[in-house]
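With the numbering used here, the residue at position 121 of the sequence shown is 139, and numbering never jumps.
Note that CB positions come from ideal geometry on N, CA and C, so glycine has one too.
Read the structure below first, then the notes.
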Amino acid sequence: MKITQESDYAIKIVLYLSKLDKGEIANAREISEAEQMSMKFALKILRRLCKVKLVESFRGIKGGYKLKKSANDISLRSVIEVIQGDLFINTSLKNVNSAKKVEADPVNSLLYSIQEEVKAKLSNTSFKDLKDASAE
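What follows is the structure in structure tokens.
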């Protein structure tokens, strides 16, 4: 399981937007400069986040972006999976459709258990949690 650079930037963008005051929006240039990424890359990620309705865009001179959902309702896992798809530790676990297949192999059984723990931790970590942790 590897978090790609694109996922890392998506996390940074959502965290940045979660720190905005209610009703405030941020434009792509502001986000890209604050998070030290190219504007082109920021726009690509913002489009994907808008497409899945995690982020809302506003057109015009004073346009920009804000979270469409509460930071408390967006998990770290959901943002990573928007960019990377389903998370798995080992390619042999990617298409596992039977618990019996996993249980039959002690290595896959262990890796599957670890994978599910990581997914649970990512699912249970909201952007509100991350925002609160970064404020400390």
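On the criterion of 16 or more Cβ atoms from any shown chain inside 10 Å, does residue 33 qualify as buried, or is it exposed? Within the sequence shown, the letter at position 15 stands for residue 33. Sixteen is the threshold: when 16 or more other Cβ atoms of the shown chains lie within 10 Å of the Cβ of residue 33, as they do, the residue is buried.
Which of the three DSSP states is assigned to residue 73 in this structure? Reading the sequence shown from its first residue, position 55 is the one you call residue 73. Under the three-state reduction of DSSP output, residue 73 falls in the strand class.
State the beta-bridge partners of residue 144 as determined by DSSP. Here residue 144 refers to the residue found at position 126 when the sequence shown is read from its first residue. For residue 144, which the question treats as bridged, DSSP gives the partners 93.
In angstroms, rounded to a whole number, what distance separates the CA positions of residue 54 and residue 131? Within the sequence shown, the letter at position 36 stands for residue 54. Within the sequence shown, the letter at position 113 stands for residue 131. Cα to Cα, residue 54 sits roughly 36 angstroms from residue 131.
Cβ neighbours of residue 25 in the same chain (closer than 8 angstroms, five flanking residues each side left out): Residue mapping note: residue 25 aligns to position 7 of the sequence shown, counting from 1. Cβ-Cβ distances below 8 angstroms link residue 25 to 97, 98, 101 and 102 in the same chain, with the five nearest sequence neighbours on each side left out; the list follows chain order.
Counting only the same chain and skipping the five closest in sequence on each side, list residues whose C-beta sits under 7 angstroms from that of residue 70. Within the sequence shown, numbered from 1, the residue matching residue 70 stands at position 52. The residues are 100.
Buried or exposed for residue 41, please, with buried defined as at least 16 other CB atoms from any protein chain shown within 10 angstroms of its CB. What you label residue 41 is simply residue 23 of the sequence shown in a count that begins at 1. So residue 41 ends up on the exposed side.
How would you call residue 81, buried or exposed, if buried means at least 16 neighbouring beta carbons within 10 angstroms? Against the sequence shown, residue 81 aligns to sequence position 63. Label assigned to residue 81: exposed.
From residue 62 to residue 84, what distance separates their C-alpha atoms? Here residue 62 is taken as the residue at index 44 of the sequence shown, counted from 1. Here residue 84 is taken as the residue at index 66 of the sequence shown, counted from 1. When rounded, the distance between both Cα atoms is 15 angstroms.
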